[in-house]
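Novice:
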Amino acid sequence: MIESAITWLLHVLAAPEVGLTSVFIISLVSATLVPLGSEPAVFAVIKANPAMFWSVIGVATVGNTLGGAIDYYMGWQAKQSFAKERKSRWFHWLERYGAKTMLLAWVPGIGDPLCTLGGWLRLPFWPSLAYMAIGKLLRYITMTTLLLYVPDGVWHRIGQMLG
3 MIESAITWLL HVLAAPEVGL TSVFIISLVS ATLVPLGSEP AVFAVIKANP
53 AMFWSVIGVA TVGNTLGGAI DYYMGWQAKQ SFAKERKSRW FHWLERYGAK
103 TMLLAWVPGI GDPLCTLGGW LRLPFWPSLA YMAIGKLLRY ITMTTLLLYV
153 PDGVWHRIGQ MLG
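Heads up: the sequence shown begins at 3 in the numbering used here, then just goes up one per residue.
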């Protein structure tokens, strides 16, 4: 039962007609503290339809930025719960550089917690969101462009090795 539901969900998310919806959902969820990467979905949709490059990049950036805003909000709300942690090195660094630190929101492993800490410190929301979006947009453009330069034969060999 669960396997068939998961198979159905994966089939729906992989459908070309809902490719942008899938990219949005995966990008949003991957930007929260859930360990998930959105680059494979972005790359797959663009590889299947190269004419959608900018549409997919835009949707992924919006979804990932909204996920960063969710992290920011969680940090905003958690501030009172963890006030003693404020003495750590991270907080001093974030306070010193402010919203500009959100440019690093794209960095795997630290980007999502960084957004949460930005909210915790109550960095200005709109500048933080703008810097998040810039960083995430640059990541998607860079990663997808680099992946598109990998020859198709490499992807076929990886697919054969995996299954």
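We treat Cβ as the ideally placed atom computed from N, Cα and C, and that holds for glycine.
Can you check which of these residues, 111, 44, 30, is closest to residue 148 by C-alpha distance?
Specialist: Taking the sequence shown and counting its residues from 1, one reaches residue 148 at position 146. The shortest CA-to-CA distance from residue 148 to any of 111, 44, 30 is the one to 44.
Novice: Taking C-alpha atoms, which residue in 106, 35, 40, 76 lies nearest to residue 135?
Specialist: In the sequence shown, counting from the first residue as 1, residue 135 sits at position 133. It is 106.
Novice: Out of 67, 146, 109, 95, state which residue places its alpha-carbon closest to the alpha-carbon of residue 129.
Specialist: Numbered from its first residue, the sequence shown carries residue 129 at position 127. For residue 129, the nearest C-alpha among the options comes from 67.
Novice: Within a Cβ cutoff of 8 Å, which residues of the same chain sit near residue 126, ignoring the five residues on either side of it in sequence?
Specialist: If you number the sequence shown from 1, residue 126 lands on position 124. Counting only Cβ-Cβ distances below 8 Å, and skipping sequence neighbours, we find 100, 101.
Novice: If contact is defined by three or more beta carbon pairs under 8 Å, each pair taking one atom from either stretch, is the stretch 52-59 in contact with the stretch 107-115?
Specialist: no
Novice: Helix, strand or coil for residue 66? Go by DSSP, reduced to three states.
Specialist: Along the sequence shown, read from residue 1 onward, the residue named residue 66 stands at position 64. Note: residue 66 maps to helix in three-state DSSP.
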